[in-house]
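Since the structure comes first, as C-alpha cells, the remarks are kept for the end.
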Amino acid sequence: MSTLALDDLARAAALLREATDVTLLAHIRPDADALGSALALAQVLAHRGATVRVSFAEPATVPESLRGLDPGLWVPATELPDSEPLLIALDSASPARLGALGERVDSTKRAGGRVLVIDHHASNTFYGTDHVVDDTAEATAVLVLRLLDELGADLDEPVARCLYAGLVTDTSGFRRATPQTHRVAGRLLAAGVDPDRVVREVAEERPFGWLPMLARVLSAARLDTTAARGLGLAHAVVTEDDAAGVRLEEIESVIDVVRSVREAEVAAVFKQSGPAQWTVSLRAKSRIDVSSAARALGGGGHRLAAGCTLDGTVEQALRQVRTALAEAPLL
Ligand code: AMP
Ligand code: MN
Ligand code: MN
C-alpha cells in the first residue's frame with residue numbers, strides 16, 4: 537500500500553506552477569475518472585496561462601457520455617506534438633494503460649522532460665519522474681483536488697463537475713465512501729455541480745439499443761456457484777455482434793448488471809476485442825481479491841474491480857479466469 541508523501545504533493549505542485557506546455561493523458565478507453573481528472577487539471581493549468589492538451593490513445597473520439605466534461609481541450613492522439621516538456625498520466629497504473637501513447641513516457645524522459653503520474657491503483661509501477669500515487673484514494677479525481685488545493689487554485693463549476701464525475705463513478709455512486717469522500721463531494725457541490733445532471737449524462741442515459749443488447753447478453757449469462765473458491769461467479773459474454781450498434785458505454789455497463797447477482801461474489805464480463813481476443817472485467821463484492829487474479833492473467837486493477845485481456849476462444853478465456861480466481865487471496 538502506498539499513501540501519499542506530502543513532499544511528493546509539494547514537488548508536483550511546484551512542477552505545475554512552472555509548467556507552460558503540458559500534455560495530459562488518460563488511459564485507453566477512458567472512464568470518467570481518467571478523463572475527468574485530466575480535464576479538471578488541464579482547465580486549471582490553462583487558466584494559469586499554460587498551453588494544455590488532453591488526449592488518450594483509443595478510441596479515436598471522446599466517448600459520448602464524457603463529452604459534456606470537455607470545454608474543448610481534447611485533441612486526437614494523432615495531433616499531439618512530438619514531445620512535450622511535461623507529460624501528465626492520470627488514472628493509469630503503467631505505461632501499457634496509455635496504449636500506443638505509452639512510448640511517450642520514455643521519449644519525454646529521454647528528451648529531459650518530466651512525467652508526472654497521478655493515480656490511485658495499488659499496481660502502479662511508478663514509471664514517471666514525479667508521482668502523486670495513493671492507493672487509499674477512492675479516485676484519481678481526489679488526488680487532483682489535493683493538487684489543486686496545494687496550488688491554491690479556485691474550484692469553479694466546470695472543474696468541479698469533471699472531478700465529481702470521476703468521484704461518483706469510481707465510488708459506484710458513493711457506495712465505497714468515507715466521511716472524507718462526502719466532504720470532498722460537498723465541496724464539489726458547493727462549487728455549483730448539479731449531481732443529478734452529471735450522473736444522468738455520464739452514467740445513466742442510454743440509447744434504446746442498450747435494451748435489446750442487454751436482453752441478448754443477459755439471456756446467456758451463467759452462474760457458477762463452485763467458482764471463485766466456492767464464493768460463486770456470474771459471467772456474461774459480449775461478442776462483437778452483440779456490441780455492433782451500441783456505444784462503448786453500453787458494453788461497459790453490462791458488468792454493473794451482472795455484479796448484482798446475489799449468489800455470486802464475483803462477476804465477470806468477457807468483451808470480444810478481436811476475432812480471438814477478450815477484454816475481461818472482473819468485480820468482487822468484498823471477499824476476494826480480483827486484482828490478484830487479473831494480475832496473474834497479465835492485467836491489473838483494484839482488489840474489487842480489475843481487468844485483463846485474454847487470447848483464444850471465450851471458453852478458454854473463461855477457464856483461465858476460473859483458474860486464476862481459484863488461487864485469488866480471500867480478503
Ligand atoms: P474495467 O473492468 O475495464 O472497468 O477495469 C476495472 C479496473 O481494472 C480498472 O481500475 C482498470 O484500471 C483495471 N484494468 C482493467 N484492465 C486492465 C489491464 N489490462 N491492465 C491493468 N489494469 C486493468
Ligand atoms: Mn479508470
Ligand atoms: Mn480511477
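Sequential numbering from 537 applies to the sequence shown in the working numbering.
Cβ coordinates follow ideal geometry from the N, Cα and C atoms, glycine included.
Owing to the predicted nature of the structure, the values given are computational and were not obtained by experimental measurement.
- Inclusion of E737 and D706 in the CB contact set at 8 angstroms is not warranted, their separation being larger than that value.
- Its Cα nearest to that of Q579, the residue L552 stands out among L552, H563, R565 and T597.
- In terms of CA proximity to L679, A541 leads the group D792, L854 and A541.
- Taking non-hydrogen atoms of ligand 1 into account, the C-beta of T707 is found less than 7 angstroms away from none of them.
- A555 is positioned such that its CB atom lies closer than 8 angstroms to that of L581.
- In the three-state scheme derived from DSSP, where H, G and I count as helix and E and B as strand, K821 is classed as coil.
- Taking C-beta atoms under 8 angstroms as the contact rule, A576 and C698 qualify, at a distance of about 4 angstroms.
- Under the three-pair Cβ rule at 8 angstroms, the segment 827-840 counts as touching the segment 855-863.
- With fewer than three CB-CB distances shorter than 8 angstroms, the segment 747-766 does not count as touching the segment 839-849.
- The segment 643-657 and the segment 584-604 do not touch, with fewer than three beta-carbon pairs separated by less than 8 angstroms.
- A direct Cα-Cα distance of roughly 19 angstroms separates G837 from G664.
- Burial is judged here by how many other beta carbons sit within 10 angstroms of a residue's own beta carbon; F744 has fewer than 16 and is exposed.
- DSSP places H656 outside any alpha helix (DSSP H), giving it a letter other than H or E.
- Within the same chain, T661 come within 6 angstroms of S630 by CB-CB distance, once the 5 residues on both sides are set aside.
- Secondary structure at A636: helix, using DSSP grouped into helix, strand and coil.
- Secondary structure of G836 (DSSP, three-state): strand.
- Between the segment 766-778 and the segment 787-806, the count of Cβ pairs shorter than 8 angstroms is three or higher; the stretches touch.
- One Cα belongs to T849, the other to T644, and the distance between them is close to 38 angstroms.
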